[in-house]
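Below: the structure, in structure tokens.
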Amino acid sequence: MLTLHHLNQSRSFRILWLLCELNALYGTSFRVIKHERTKSHLAPKELTDIHPMGKAPILIDESCNKTLAESGFIIEYLLRHYDTQAKLSPSDEAWEDYAFWLHFAESSLMPNLVMRLVFAKIVQKSPFFIRPIIKSVQKGVEKSFISPNVDKALALLNERLANRHYLSGAGQGVFGAVDIHLHFGIAQMRKSGGLPDKWVYVHNWLAYCESRPSFEMAQSYE
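Using full-length UniProt numbering, read the sequence shown as starting at 1 and increasing by one per residue.
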């Protein structure tokens with residue numbers, strides 16, 4: 001049995017979705033233990049009792065008594081041990097594309113999105129009399145650093161998805177774990193109004209990914 005410690009509205013949704021996909025493909029059994037954010041919008045302290053990092057996702061593989069953290073590592077672990085017919089894993093020919101986009105999600109995209117979120121929280125929490133100053137700094141960083149980097153990332157992703165349904169694989173691509181991994185950050189941008197309509201192929205890709213029954217199943221746990 002696999003047990004996922006899941007934090008609502010967090011990147012652990014990716015592992016939840018992958019587990020749902022494995023369940024649909026192979027009947028892989030899992031359970032979800034949900035944790036709620038604190039009033040400060042942080043992970044609750046009880047997660048530290050499960051893993052020293054205290055962050056979701058945390059996956060426990062009870063078959064071998066292993067406790068796993070870090071989304072990318074958990075994805076690789078699940079593919080190696082539970083994707084027995086390689087339906088979500090890249091072929092040898094597609095591995096380079098798979099590896100690039102897997103790392104792209106956490107290296108090129110998410111740091112900028114996290115920085116954007118942190119600055120927004122700082123402005124929101126700052127005292128009223130200094131808020132205009134903090135807001136000015138936020139706008140400067142957004143204009144000179146965050147937005148240009150996000151636009152570069154989206155342009156590259158949009159180019160990749162032109163005439164494709166999914167990120168890796170031949171032809172129109174084959175749905176895989178890398179689509180699940182990258183989806184969360186892009187979907188959060190869309191949710192906040194930060195994904196302009198001009199990125200047509202990115203929007204199409206989101207729709208293809210979200211049409212899978214496993215996505216709907218994962219959402220039911222949120």
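All C-beta atoms, glycine included, are put in the ideal place defined by N, C-alpha and C.
Computed from a predicted model, the values in this text were never measured in an experiment.
Close-in-space but distant-in-sequence residues of the same chain around residue i (CB under 6 Å, 5 per side omitted)
i	result
His165	Gln172, Gly173 and Tyr208
Ser29	Met1
Ala94	Ser168 and Gly169
Lys45	none
7 Å Cβ shell around residue i - same chain, five flanking residues per side excluded
i	result
Ser79	Going by the sequence as given, residue 79 is Leu instead of Ser. Same-chain partners within the cutoff: Leu88, Ser89 and Ala177.
Leu47	His5, His35, Gly54, Lys55, Ala56 and Ile58
Ala187	Leu206
Ile146	Asn112, Met115 and Arg116
Pro8	The question names Pro, yet the displayed sequence has Asn at residue 8. Cβ neighbours of Asn8 beyond the five flanking positions: Lys34, Glu36, Arg37 and Glu222.
Leu25	Lys87
Cys20	Ser214, Met217 and Ala218
Thr49	With the sequence shown as reference, residue 49 is identified as Asp, and Thr is not the correct amino acid for it. Once the five neighbours on either side are set aside, Asp49 has no close Cβ partner at all.
Val141	Phe119
Whole-Å CB distance - residue i paired with residue j, under 8 Å assumed
i	j	result
Leu59	Leu4	5 Å
Met189	Leu113	7 Å
Leu182	Ala105	4 Å
His6	Ile33	7 Å
Leu68	Tyr82	12 Å between Cβ atoms; not a contact.
Ala218	Phe73	Between Phe73 and Ala218 the Cβ distance is about 19 Å, and since that is not below 8 Å, they are no contact.
Leu16	Ile75	Between Ile75 and Leu16 the Cβ distance is about 12 Å, and since that is not below 8 Å, they are no contact.
Arg131	Phe175	That belief does not hold up - the Cβ atoms of Arg131 and Phe175 are roughly 44 Å apart, past 8 Å.
Residues sharing a beta bridge with residue i, DSSP
i	result
Thr67	Ile60
Arg164	DSSP output for Arg164 lists no bridge partner at all.
His30	A small fix is needed here, since residue 30 is Phe in this sequence, not His. Leu2, per the DSSP bridge assignment.
His203	Beta-bridge pairing links His203 to no other residue.
residue 223	Examination of residue 223 is not possible in this model, given that the chain is present from 1 through 222 alone.
Leu7	His35
Top-ranked residue by Cα proximity to residue i, from the options
i	options	result
Asp151	His35, Leu109 and Ile130	Leu109
Ser192	Ala120, Ala24, Arg212 and Gln219	Ala120
Leu167	Gly194, Met217, Pro127 and Tyr98	Tyr98
Glu62	Glu96, Arg31 and Phe184	Arg31
Thr84	Ser220, Leu22 and Leu18	Leu22
Lys139	Leu154, Val118 and Pro127	Val118
Arg11	Gly185, Gly194, Ser214 and Leu195	Gly185
Leu195	Gly169, Asp179, Glu216 and Ala153	Ala153
Asp92	Ser211, Ala170, Cys64 and Arg212	Ala170
Ala162	Pro132, Asn204 and Asp179	Asn204
Asp179	Asn65, Ser40, Phe100 and Phe129	Phe100
Ser40	Gln124, Ser144, Val141 and Glu142	Gln124
Sequence-distant residues of the same chain with beta carbon closer than 8 Å to residue i, five excluded per side
i	result
Asn149	Ser108 and Asn112
Leu122	Checking the sequence, you will find Ile at residue 122 rather than Leu. The residues are Ile134 and Gln138.
Ser126	Ile134
With a cut-off of 8 Å, do at least 3 Cβ pairs link the stretch 149-163 to the stretch 196-210? The stretch 149-163 vs the stretch 196-210: in contact.
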